[in-house]
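Take a look at the structure below.
Protein chains: 2
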Amino acid sequence: MTIKDIARLSGYGVSTVSRALNGHPDVNEETREKIKSIVRQYKFVPNSNARQLKQSISKSILVMVKGTFNLFFAPIIEYMQSQTDKVGYSCIVHYLNEDDDEVKLAERFCREQKPVGIVFLGINIEPFKKSIRLINVPCVLSTTYGGEIEGDKISSVSIDDVSCGKMAVDYLFDCGHKKIGVLSGSFNISYTSALRFKGCQRSFEEHGAKFDESVYETCAFSFSSAYEAANALLKKNPDITAIFAMSDTMAIGAARAIADMGKNVPDDISIIGFDGTEMAQYYNPKITTIRQPATKIAELSIKQLLDMVDGRGEPKHTLLTGELIEGESVKKIN
Amino acid sequence: MTIKDIARLSGYGVSTVSRALNGHPDVNEETREKIKSIVRQYKFVPNSNARQLKQSISKSILVMVKGTFNLFFAPIIEYMQSQTDKVGYSCIVHYLNEDDDEVKLAERFCREQKPVGIVFLGINIEPFKKSIRLINVPCVLSTTYGGEIEGDKISSVSIDDVSCGKMAVDYLFDCGHKKIGVLSGSFNISYTSALRFKGCQRSFEEHGAKFDESVYETCAFSFSSAYEAANALLKKNPDITAIFAMSDTMAIGAARAIADMGKNVPDDISIIGFDGTEMAQYYNPKITTIRQPATKIAELSIKQLLDMVDGRGEPKHTLLTGELIEGESVKKIN
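Chains as they are written, first to last, in our numbering: chain R, 832 to 1165; chain U, 832 to 1165.
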């Protein structure tokens, strides 16, 4: 007697049976009762270890992740995996290089592994706005805004990157800084960087400050690239007293560059990061940052994907808010 | 005309054909020439983008990773993925929780995804010494020594954790420290911790120092757990002037705990970490550490797995050496 037999006898799908038995809230009471009555009738004993149940289910959700070494994505992946585990799906994680064609790879994996749906974590959506519609399973863009894509199988869950970028720079102005520099991701590889950049621009304008090439550098989302970029930024603009880095990883690369110049963070130069990673709290000094609600993003991404997979609800684009977390890396000079 | 046709016509397997066409050094010249002659004869044009080729191959390698948030494993996974890509396999990554039964999960994935082989990255082998032999595809334990397992399909690639643990503590004694503390992983969840612990013990003995419960604390491989453990260690033994932490993540958690006590690393308390992560170099102060050769471990793990998959070579257990990397976190007091 396996879960497949229960499915056959009850007339529901294996995944519905699994979720009913696992106490998933999305199964309605009538369905759950019907399934449970069959379980009782046939004395089916679901192993107390839910894993046993899942062994007869091969449905999987594919999570495609941009880059490997990302302090911010790690807990999101972990949470997504635990969520898909709970509802009886297996979770397959694929890492992508910066130069991979994400949509082509997704199509290939759809053929090979037949996932019921795909989460794109940190995709650079700009080049794929058209091709992503060709993928024939539901997709959720996680941490990337997808509202500009027309597609009936595509949702997104992200923060409002424009207003969060603005929030970071506003904070530096509010702390009394007048010469502010920005470390930005390259727009070619990161659409979210372009959005945060727009927020920076607005903040500079509102504070009557000039926003030109002398006040920003672009770099990759890595320690080493941000290290180089911070050196270049401070060389071409030695008056800068505060830096907004578009990720905590970049902020740490910049902090190390400043230490290697023999200067102090925040006494000589202040830094605000982005993401709200655990690492930022353990750095010395603690990095002030804009926290993205990682758990909420993971939770809503999986929920929205499963809703689409199960034919419930329309695709939607959810915008969440970020939160400023004060650390020790920004000096108040007013 | 697909790669499968070439395989059929040449009498070789699809993966051999793929590797021959991709210039993989493991294919012998005679085989390569035979395959190429068929390619020429039938005017088969392998797409210059190797990915096209791989689209007709669904063979996959499974990488099972202990935990998600591991600064040391991230580049290893990245490198393994690039290596498997090169030889035309897809690489499926699964993260495991601490309480997962790794072997049972591996068996499940074998049924569902039919990988040609499995890499266990960071497995705690102790409870699975017997059951792992039941897995019916070749396995490589990566970063974990597997020499005590009798099995004709199991290899391992790791550093010599005993001597590397000893190397770390020897260095602290050599720098003039007399009261040394240790932050160790729990033996229940980490076999490598037990090996490094043995190395610590030897170093203490050789230096005539007492190694009892007052000089070590166990914790998880996380910032927060190491933070707590460092506080406990320094509370029960306030004389400690140097700490060996069994990972860089632990070292950073301890460094933050020391900073929060109002003390300085390394002026008040020195720290040496383990792994040699990029993060250690960007921390403030730079963390002195024992570097594991991550790229070499990844490369040999995949090579050994593919050798077993292709029926070449016996299982073997490769021990590599770690290297001390001096940062700024250990004070020389002699």
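The beta-carbon is built from N, C-alpha and C at its ideal position, and this holds for glycine as well.
Item	Value
Inter-residue spacing [alpha-carbon to alpha-carbon] between residue 933/R and residue 864/R	42 Å
Any C-beta of chain R under 7 Å from that of residue 1109/U	yes
Runs of alpha helix (DSSP H) lying entirely within the stretch 1114-1152 of chain R, each at least 4 residues, in chain order	1125-1140
7 Å Cβ cutoff, residue 1022/R in contact with chain U	no
Distance, residue 944/U Cα to residue 990/U Cα	30 Å
Proximity below 7 Å, CB of residue 1140/U to CB of residue 948/U	yes
Residue from 1069/U, 1153/U, 1134/U and 1029/U whose Cα sits closest to the Cα of residue 1089/U	1069/U
DSSP-derived helix/strand/coil call for residue 1156/R	strand
Inter-stretch contact at 8 Å, needing at least 3 Cβ pairs: the stretch 1111-1124 of chain U / the stretch 1066-1082 of chain U	yes
Simplified DSSP assignment, three categories, for residue 1106/U	strand
Contacts of residue 1086/U in chain R (Cβ-Cβ under 7 Å)	1115
Where residue 1083/U meets chain R, residues with beta-carbon distance less than 7 Å	1113
Residue 1104/R versus 1061/R, 1127/R and 1131/R, residue with shortest Cα-Cα distance	1061/R
Buried or exposed (CB count within 10 angstroms, at least 16 for buried), residue 1005/R	exposed
Within chain R, partners of residue 1054/U - CB distance below 9 Å	1109, 1110, 1112 and 1113
Residue-chain proximity (residue 912/R, chain U), Cβ-Cβ < 7 Å	yes
Beta-carbon spacing of residue 975/U, residue 956/U below 7 Å	yes
Buried/exposed call for residue 890/U, threshold 16 Cβ in 10 Å	buried
Where residue 1125/U meets chain R, residues with beta-carbon distance less than 7 Å	The premise fails here: residue 1125/U is roughly 11 Å from chain R at the closest Cβ pair, so nothing lies under 7 Å.
Proximity test, Cβ basis, 7 Å: residue 846/U and chain R	no
The stretch 1039-1056 of chain U in contact with the stretch 1007-1022 of chain U per 3-pair CB rule at 8 Å	yes
Neighbour list for residue 1040/R in chain U, Cβ cutoff strictly below 7 Å	Neighbours of residue 1040/R on chain U: none; closest Cβ ~29 Å, over 7 Å.
Continuous beta strand (DSSP E) assignments of at least 3 residues falling wholly in the stretch 945-975 of chain U	948-952 and 970-973
The stretch 1097-1113 of chain U contacting the stretch 893-902 of chain U, beta-carbon criterion three pairs below 8 Å	yes
Extent of the continuous alpha helix (DSSP H) run through residue 996/U	992-1005
7 Å Cβ cutoff, residue 1076/R in contact with chain U	no
Residue 838/R: contacting residues in chain U (beta-carbon distance under 9 Å)	Near residue 838/R there are no residues of chain U at all, since even the closest Cβ is about 17 Å away, more than 9 Å.
Min CB distance residue 999/R to chain U below 7 Å	no
Selection from 1041/R, 1033/R and 1134/R that minimises the alpha carbon distance to residue 1147/R	1134/R
Rounded straight-line distance, which links the Cα of residue 1052/U to that of residue 1138/R	36 Å
Status (buried if at least 16 other CB within 10 Å, exposed otherwise) for residue 1023/U	buried
Other residues of its chain near residue 1091/R: CB distance less than 6 Å, five sequence neighbours each side excluded	none
Endpoints, the beta strand (DSSP E) within which residue 926/U is located	921-927
Neighbourhood of residue 1150/U by C-beta, 6 Å cutoff - its chain only, sequence neighbours within 5 removed	991
8 Å contact criterion, which residue 1084/U and residue 1058/U should meet: CB distance rounded	4 Å
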